[in-house]
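Asks:
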Amino acid sequence: MNTTGGVTGYDLILDSVDRGGVLKLAKRPYSEIKSDPVTVSLDKVYNLKVEAVGGSFNCYLDGVLMFTGSDSTYHSGQFGIFGFNGTLQFDNLRAVAQ
């Protein structure tokens with residue numbers, strides 16, 4: 000979300016290792032904005048959703064609002080997605096500008 004060349008921007012991270020499982024919103028260079036502990040199973044399908052309007056973020060896991068966060072560092076940029084240290088599959092991926 001709002002990334003410039005992949006160096007700066009925001010990330011919604013579903014992490015199975017950190018703190019035993021966590022969903023977190025962070026900005027790059029890395030600084031955690033908000034997080035919530037979750038149980039992460041490596042063989043389960045998850046639905047992630049971010050609503051980003053201005054400097055406000057609503058972060059959802061499987062249709063449930065997990066937390067809201069705010070940060071106004073980055074106002075524009077590009078949409079990106081990545082995986083780290085594993086095999087991931089993305090289906091029904093979409094970005095909508097309002």
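Here numbering that gives the first Met the number 0 is used: position 27 in the sequence shown is 26, and no number is missing along the way.
Glycine included, C-beta positions come from ideal geometry on N, C-alpha and C.
Just so it is clear, the structure is predicted and the values come from calculations on it, not from any experiment.
Decide if Q68 is buried, meaning its Cβ has at least 16 other Cβ atoms within 10 Å, or exposed.
Replies: The identity of residue 68 in the sequence shown is Gly, whereas the question assumes Gln. So G68 ends up on the buried side.
Asks: Since L99 contacts Y29 with CB under 8 Å, what's their CB separation in whole angstroms?
Replies: Not covered by the structure: residue 99. The range shown for the chain is 0 to 97.
Asks: So what does DSSP say about R18, is it helix, strand or coil?
Replies: Three-state result, R18: helix.
Asks: Report yes if the CB atom of L22 is closer than 8 Å to the CB atom of V37, and no otherwise.
Replies: Contact: yes.
Asks: Using the Cα positions of G85 and V63, report the straight-line distance between them to the nearest angstrom.
Replies: Rounded to whole angstroms, G85 to V63 spans 25 Å at the Cα level.
Asks: Between which two residues does the beta strand (DSSP E) carrying T67 extend?
Replies: 63-69 is the extent of the beta strand (DSSP E) around T67.
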